[in-house]
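Have a look at the structure below, then the notes.
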Amino acid sequence: MSGAALPVLLLAAWEIAARTAVVSPRYFPPPTVIAATLSRLLTAGEFWGDALTTLSRLAGAFLVAALAGVPLGLAMGLWRPLRRALEPAVAMLYPLPKIALLPLFLILLGVGEGAFVFTAAVTAFFQILTSTAGGTATIDPRLVEAGRNYGARGVTLFRKVILPAALPAVLTGLRLGLGLALITVIAVEFVAAKSGLGHLVFRYWQMLLTGEMYAAFLLIGLMGLGATRGLRAVQRRALGWQEEIGWR
Amino acid sequence: MSRPVRRWRLDLVPLILPALVLVAWEIASATGLLRAVFFPRPSTIARLLLAQVADGTLLAHLGLTVARLTAAFVLAAVPGVAVGLAMGMSRRTREGLDPLFALLYPIPSVLFLPLVSFALRQEEVAVAVTAAFTSFFLVVYTTMTGVQQLDRTVLEAARHFGAHGRRFFLTVLLPATLPAIFTGLRLGLGYTLIVVVAVEMVSAQRGLGALLWLSWQILKVEEMYVALVTVAVLGTVLTGAVEWLRRRLIPWAQDIAEVGA
Amino acid sequence: MLTLGRAVIGLILVVASLAIAPAATPQAKPSVRIGYIPTDSFAAVCLLGDRHLPAAGVSVEMVRLAGGPEILSQVATGQLQVGAAGMGAAGFNAIASGLPVEFVAPQHAGYLADYFTVRKASWGKEIKRIGDLKGKAIALNIRGAAVEWMMEEALKTDGLTLKDVQVKIMPFPDMVPALESGAVEAGIVSEPFPTLAEERGIAVRPLSRPADAKATPITALFWNKEWAAKNPELAQTVMTAYLKAARDLALDNGWKQPRNIEVMVKYTGAKAEVIQKARAHVLDPNLETDPAVLESMQKLAAEMGYLKYKDLLPVGKIFNFTYRDRAVREAGRK
Chain W
1225 MSGAALPVLL
1235 LAAWEIAART
1245 AVVSPRYFPP
1255 PTVIAATLSR
1265 LLTAGEFWGD
1275 ALTTLSRLAG
1285 AFLVAALAGV
1295 PLGLAMGLWR
1305 PLRRALEPAV
1315 AMLYPLPKIA
1325 LLPLFLILLG
1335 VGEGAFVFTA
1345 AVTAFFQILT
1355 STAGGTATID
1365 PRLVEAGRNY
1375 GARGVTLFRK
1385 VILPAALPAV
1395 LTGLRLGLGL
1405 ALITVIAVEF
1415 VAAKSGLGHL
1425 VFRYWQMLLT
1435 GEMYAAFLLI
1445 GLMGLGATRG
1455 LRAVQRRALG
1465 WQEEIGWR
Chain D
84 MSRPVRRWRL
94 DLVPLILPAL
104 VLVAWEIASA
114 TGLLRAVFFP
124 RPSTIARLLL
134 AQVADGTLLA
144 HLGLTVARLT
154 AAFVLAAVPG
164 VAVGLAMGMS
174 RRTREGLDPL
184 FALLYPIPSV
194 LFLPLVSFAL
204 RQEEVAVAVT
214 AAFTSFFLVV
224 YTTMTGVQQL
234 DRTVLEAARH
244 FGAHGRRFFL
254 TVLLPATLPA
264 IFTGLRLGLG
274 YTLIVVVAVE
284 MVSAQRGLGA
294 LLWLSWQILK
304 VEEMYVALVT
314 VAVLGTVLTG
324 AVEWLRRRLI
334 PWAQDIAEVG
344 A
Chain C
312 MLTLGRAVIG
322 LILVVASLAI
332 APAATPQAKP
342 SVRIGYIPTD
352 SFAAVCLLGD
362 RHLPAAGVSV
372 EMVRLAGGPE
382 ILSQVATGQL
392 QVGAAGMGAA
402 GFNAIASGLP
412 VEFVAPQHAG
422 YLADYFTVRK
432 ASWGKEIKRI
442 GDLKGKAIAL
452 NIRGAAVEWM
462 MEEALKTDGL
472 TLKDVQVKIM
482 PFPDMVPALE
492 SGAVEAGIVS
502 EPFPTLAEER
512 GIAVRPLSRP
522 ADAKATPITA
532 LFWNKEWAAK
542 NPELAQTVMT
552 AYLKAARDLA
562 LDNGWKQPRN
572 IEVMVKYTGA
582 KAEVIQKARA
592 HVLDPNLETD
602 PAVLESMQKL
612 AAEMGYLKYK
622 DLLPVGKIFN
632 FTYRDRAVRE
642 AGRK
């Protein structure tokens, strides 16, 4: 059975269930209605400005998180004392929902883009850090030994052996971090912003316009899909040597 | 310097950074550099925490959160690992489901809690499903990439030696993927806790998230910090438990930092 | 040639120009940052910031925040000067903790009859009177605030208290699907959601407003005490503008006037037709509020364990009405 059939089946089931009122069409509008609403709103010029705002917040948060998380994660993975020093702090801060800390961030940073981007960046940072550090720490030691045996040291060892070996984990962390950054941006916009797709979701829910709300969800999903596809393209370029495993 | 002394010193290292931060915070709050109403002294928070543990109220909230966490995690992890393995092994499955998952993943599941509650009627079930949502995708993705990153030659060799079908799966593929599965489960557990707390903030009467939100709403800020600290400790304990389990079950995944880079 | 005379005249001119220059440069416009929540109960604050303060020559930045404690904390730390929030435990605790905020006027008030919403499927059957709510699930959007006090007062009329019902906290929009699905039997719901629920045929508001009913104060305006002390003229300007905003809504069916609804739509994104159909929030044209109700709310908050302090605060410590009194005096009572 082709994997592509499954989403189509699910959508069809939803469409039928909503049209026959098996599920409430008011709270679960049929997918065709959602798609139509989205295209109507897009052609009417709505959404574009807010989508751009969300995208720029996402970009800012992701860049900050990646630039901070990858180097620190590599360092933590390679140098045990650093990892031991930082691990408890990371372990304690990671489980806190950053949206719960938002009021405190707003007090410290003031209401504005800085606080929004910071909150999303922190969430993504912990993910990228953990994935990178974990991936770096579990590189096959035989690779490192082999590299050393061939005379690689220091920076060369890092560039030619360690970094490529850690790259899959780094990219996994980046992809997950990107998704988490978007989730957090939307949540922060829902609660505290005057613009952005998350704010639109809030507005539509305040008017109980579920069709429009789902359309906004769809656009958020498409944005996430697009962003991860972009990252996937980077991944393919960076990890070209990895064959894909196929079972059937 | 003898070995035992060095190791003892090393064990204290993880405590240095948090201790420094706490001391700095205590001083800042006590001297008014940080407004104590919004950033109370760690000593005040600690005292309140102990009092709430002593009279049982905190443990009641904690218990509820843990129960919801367990339910949500099982809901996320079991299908998550299964689907992740399937997607890792079959390109068709992966290409079919990956776009759908990538589309759904970025939506904060808390936002459709009222819709899920409406559909599922049973409130706690709605909470578990909503909290499991994002973690499911996390587990799927890390499991899938774990399978994809397996050393192909090892698998080919195993098949060459006659391992097929179920035997191949149980004796070769699954053990090889276990490290990635564990990473996925650890991430999934951590994130499930975050979402459970977030869902409790929006909709629950009791539980750590509810305690957090309600104390903030009435500006009993010390109690909010007690809830935050409890969540942080819970998360740390859970991560530690998963790591302990990982070391028991898959001791062969060596730590490069132990070998020395 | 530079003679002494010419040098003296030159010096006088330079000094004179220095003296005149500051007076000639335009004064920096006074500015105020106001915190609000995007619901139409904050209409008065929105009119204040959008219409009357700019008309008085004050530049305004409207800052959206998620809830009362966020606005209180932002005003307390001086990042905002003015804000509004629900009157309740957060405000009481803030004042008692010595934060530099003072409440200065009420914003909107409400009648129980407009808020108390019951499932249509249940009303007249399992629920015929308030007493039948015993053991049932009731929706409130927050604890420690006026809506909880309203519910308690309503329950008391039929011999119950909050302890006899199952309170479920959820945001107002969530109450509509919750009423429809039966997750709650009733709730204290703020407009426009009761109207939306009634239109969909899933809920009713069975109570009627008694003739002598007094509206319960729900939200209130507050500002940073230190800012007001340093800028008393500006603070008074804000209060006068706020009085005008309140009167815009309270008089001449102001709540339904298109020019006011326009502002509400701008800040909340709500639909104009929906606001037209919904019942109006209540504002007092003289910004009066009943101190006895405030004391009763504080007492309930203390009983429920929400307060960080023991000795109840006198209303005079919570509210500073001097600016309001002066504004009403100067504008004349309506």
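Protein sequence lines, in the order shown, are assigned to chains W, D and C. For the record, in the first sequence the residue sitting at position 24 is 1248 according to the numbering used here, with numbers rising by one throughout. For the record, in the second sequence the residue sitting at position 99 is 182 according to the numbering used here, with numbers rising by one throughout. For the record, in the third sequence the residue sitting at position 3 is 314 according to the numbering used here, with numbers rising by one throughout. No residue lacks a Cβ here, since even glycine has one placed at the ideal position from N, Cα and C. The model shown is predicted, which means the values in this text are computed figures rather than measured ones.
Roughly how many angstroms separate the alpha carbons of residue i and residue j, rounded to a whole number?
{"i": "Arg1460(W)", "j": "Gly1358(W)", "result": "21 Å"}
{"i": "Val415(C)", "j": "Leu1333(W)", "result": "27 Å"}
{"i": "Thr1381(W)", "j": "Gly1371(W)", "result": "Correcting the residue identity first, residue 1381(W) is Leu in this sequence and not Thr. For Leu1381(W) and Gly1371(W), the distance between alpha carbons rounds to 7 Å."}
{"i": "Arg430(C)", "j": "Leu507(C)", "result": "13 Å"}
{"i": "Asp469(C)", "j": "Ile513(C)", "result": "24 Å"}
{"i": "Lys447(C)", "j": "Ala465(C)", "result": "15 Å"}
{"i": "Phe1350(W)", "j": "Ala400(C)", "result": "35 Å"}
{"i": "Met608(C)", "j": "Ala497(C)", "result": "22 Å"}
{"i": "Glu413(C)", "j": "Asp636(C)", "result": "15 Å"}
{"i": "Met575(C)", "j": "Gln392(C)", "result": "21 Å"}
{"i": "Arg331(D)", "j": "Ala1315(W)", "result": "20 Å"}
{"i": "Met550(C)", "j": "Leu598(C)", "result": "10 Å"}
{"i": "Val280(D)", "j": "Gly1375(W)", "result": "51 Å"}
{"i": "Leu328(D)", "j": "Glu1311(W)", "result": "18 Å"}
{"i": "Ala1361(W)", "j": "Phe1329(W)", "result": "32 Å"}
{"i": "Thr336(C)", "j": "Leu594(C)", "result": "Confidence in Thr336(C) is poor, its pLDDT being 48 and thus under 50, which makes the residue's placement unreliable; the coordinate value appears in the next sentence. Spanning the two alpha carbons is a distance of roughly 42 Å."}
Let me check understanding here. Comparing Cα to Cα, which of the options lies closest to residue i?
{"i": "Gly271(D)", "options": "Ala1285(W), Leu1276(W), Thr1354(W), Arg1281(W)", "result": "Thr1354(W)"}
{"i": "Phe216(D)", "options": "Met284(D), Glu206(D), Val157(D), Gly179(D)", "result": "Val157(D)"}
{"i": "Ala1313(W)", "options": "Arg177(D), Leu238(D), Glu178(D), Ala102(D)", "result": "Ala102(D)"}
{"i": "Met227(D)", "options": "Leu238(D), Glu305(D), Asp181(D)", "result": "Asp181(D)"}
Assign residue i to buried or exposed, taking buried as 16 or more other Cβ atoms, counted over all protein chains shown, within 10 Å of its Cβ.
{"i": "Pro1295(W)", "result": "exposed"}
{"i": "His144(D)", "result": "buried"}
{"i": "Tyr382(C)", "result": "According to the sequence displayed, residue 382(C) carries Ile and not Tyr. It counts as buried."}
{"i": "Asp138(D)", "result": "exposed"}
{"i": "Ile1240(W)", "result": "exposed"}
{"i": "Leu1402(W)", "result": "buried"}
{"i": "Leu297(D)", "result": "buried"}
{"i": "Lys555(C)", "result": "buried"}
{"i": "Ala334(C)", "result": "For Ala334(C), the pLDDT reaches just 48, beneath the cut-off of 50, and the residue's location in the model is therefore unreliable, leaving the point undetermined."}
{"i": "Leu98(D)", "result": "exposed"}
{"i": "Ile333(D)", "result": "exposed"}
{"i": "His247(D)", "result": "exposed"}
{"i": "Ala583(C)", "result": "exposed"}
{"i": "Trp534(C)", "result": "buried"}
{"i": "Gln418(C)", "result": "buried"}
By Cβ distance below 7 Å, which residues in the same chain neighbour residue i in space, the five residues on each side in sequence not counted?
{"i": "Ala489(C)", "result": "Ala450, Met481, Val495"}
{"i": "Ala332(C)", "result": "Unreliable positioning characterises Ala332(C) in this predicted model, as indicated by a pLDDT of 48, which lies under 50. A coordinate reading is not provided."}
{"i": "Ser200(D)", "result": "Glu206, Ala209"}
{"i": "Lys628(C)", "result": "Ile406"}
{"i": "Arg1202(W)", "result": "With chain W running from 1225 to 1472 in the structure shown, residue 1202(W) is simply not present."}
{"i": "Ser112(D)", "result": "Ala119, Phe122, Pro123, Arg124"}
{"i": "Thr1347(W)", "result": "Lys1322, Leu1404, Ala1405, Thr1408"}
{"i": "Phe1426(W)", "result": "Phe1414"}
Which same chain residues, not among the five before or five after residue i, have their C-beta less than 6 Å away from its C-beta?
{"i": "Ala259(D)", "result": "Leu233"}
{"i": "Arg362(C)", "result": "none"}
{"i": "Glu1413(W)", "result": "Gly1420, Gly1422, His1423"}
{"i": "Val106(D)", "result": "none"}
{"i": "Val626(C)", "result": "Pro602, Leu605"}
{"i": "Gly292(D)", "result": "Val280, Glu283, Met284"}
To which residues does DSSP link residue i through a beta bridge?
{"i": "Gly346(C)", "result": "Val374(C), Gly394(C)"}
{"i": "Thr1267(W)", "result": "DSSP, once it has assigned bridges, lists no residue as partnering Thr1267(W)."}
{"i": "Glu413(C)", "result": "Trp534(C)"}
{"i": "Ala456(C)", "result": "Gly399(C)"}
{"i": "Gly268(C)", "result": "Nothing about residue 268(C) can be reported from this structure: the residues present for chain C run from 312 to 645 only."}
Tell me which residues share the same chain as residue i and place their Cβ nearer than 8 Å to its Cβ, disregarding the 5 neighbours each side in the sequence.
{"i": "Asp1274(W)", "result": "Ser1419, Gly1420, Leu1421, His1423, Leu1424"}
{"i": "Phe647(C)", "result": "For chain C, the structure presents residues 312 to 645; residue 647(C) sits outside this window and is missing."}
{"i": "Gln385(C)", "result": "Gly346, Val374, Leu376, Leu391, Gly394"}
{"i": "Leu1395(W)", "result": "Leu1455, Val1458, Gln1459, Ala1462, Leu1463"}
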